[in-house]
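Note that numbering that gives the first Met the number 0 has the sequence shown beginning at 0, numbered continuously upward. Cβ atoms here follow ideal geometry from the backbone N, Cα and C, with glycine treated the same way. See structure below.
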Amino acid sequence: MAGKDNFEEALKRLEEIVQELEKGEIGIEDALKLFEEGTGLSKLCAKKLSTVEKRVEILKKNEKNEEVLELFQELDED
0 MAGKDNFEEA LKRLEEIVQE LEKGEIGIED ALKLFEEGTG LSKLCAKKLS TVEKRVEILK
60 KNEKNEEVLE LFQELDED
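Given below as structure tokens:
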């Protein structure tokens, strides 16, 4: 798994795997290997996102400049 410690590289590789699997032009064994790799990358990305979310929660401060723990609010993408 190239770039498994780098979120951006892991996400890019995951996108490549999805595209390859969606083509449906590879054998079942190769598809299974790609699926397994993709599952690992997906878990890695989710873990990294969770870590970042926790850091954002910790870094947020209230209007009195006191540190407060707030849940991370996702941005709506329209």
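May I ask which residues mark the beginning and end of the alpha helix (DSSP H) holding residue i?
| i | result |
| --- | --- |
| ILE16 | 6–22 |
Look up residue i in the DSSP assignment and say whether it is helix, strand or coil.
| i | result |
| --- | --- |
| GLY37 | helix |
| GLU56 | helix |
| ILE25 | coil |
| ALA30 | helix |
Just confirm the distance between the C-beta atoms of residue i and residue j, as a whole number of angstroms; I'd bet it's less than 8 Å.
| i | j | result |
| --- | --- | --- |
| ALA9 | LEU40 | 5 Å |
| LYS33 | LEU20 | Looking at the sequence itself, residue 33 is Leu, so the reference to Lys does not match. Their Cβ separation, rounded to whole angstroms, is 6 Å, which keeps LEU33 and LEU20 in contact under 8 Å. |
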